[in-house]
Amino acid sequence: MPSQPKDLNDLFHETLKDIYFAEKQILRALPKMAHKANGEQLAQAFEQHRTETEGQIERLEKVFEMIGKNPRGKTCDAIMGIIDESKEVMEDFANSDALDAGILAAAQAVEHYEISRYGTLIAWAEQLGLSDAVPLLEETLAEERRTDVLLSKLALASINVKAAA
Ligand code: FE
Ligand code: FE
Ligand code: FE
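Heads up, the sequence shown is in our numbering, so the first residue is 13 and it goes up one at a time.
Next comes the structure, spelled out in structure tokens:
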């Protein structure tokens, strides 16, 4: 059988697999980050986002279903790298006043990766006429954005100040 040239449908499916893999890695990383964080509010933010992440994975599974594919991840080197960097900062700054600022920045790098992915998936879903997928992806994008804003607030209100003390 001659192979069909790849199109936007394939790109959408590949990117869905990428973020599905990433969300599963994030689900495992967030409790570790919560455990290492000294600040109660930061730990709480990570715990809350871990719960949200469970729902995000379920939404992705629904989107796979909508395009008639089995939910399957594909290794995302970008999220592996970002998570590796978070581990590095947690080790290198373990006994430092700057630890929380470092973990928070690593978490924001995760959120920014996700915001980029979901933004792209929404644009492609719209283009492909996957109108049922759009609101699901938008719901998740809103959670990622809210998390990013909350982290910025925590950083500016206290965590960066403590780190500089
Ligand atoms: Fe997420
Ligand atoms: Fe990726
Ligand atoms: Fe997130």
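The beta-carbon is built from N, C-alpha and C at its ideal position, and this holds for glycine as well.
Note that the structure is a prediction, hence the values are computed from the model and not measured.
| query | result |
| --- | --- |
| Buried versus exposed call for A177 [16 or more other C-beta atoms within 10 Å across all chains shown] | exposed |
| Range covered by the alpha helix (DSSP H) that runs through K48 | 20-48 |
| Classification of R129 by the beta-carbon crowding that lies within 10 angstroms, buried from 16 upward | buried |
| Nonlocal neighbours in the same chain, by C-beta distance under 6 Å from L162, ignoring five residues either side | A57 |
| Cβ contact (3+ pairs, closer than 8 Å) linking the region 130-138 and the region 80-99 | no |
| As assigned by DSSP and simplified to three states, the class of N107 | coil |
| Reduced DSSP category for A167 - H, G, I as helix; E, B as strand; rest coil | helix |
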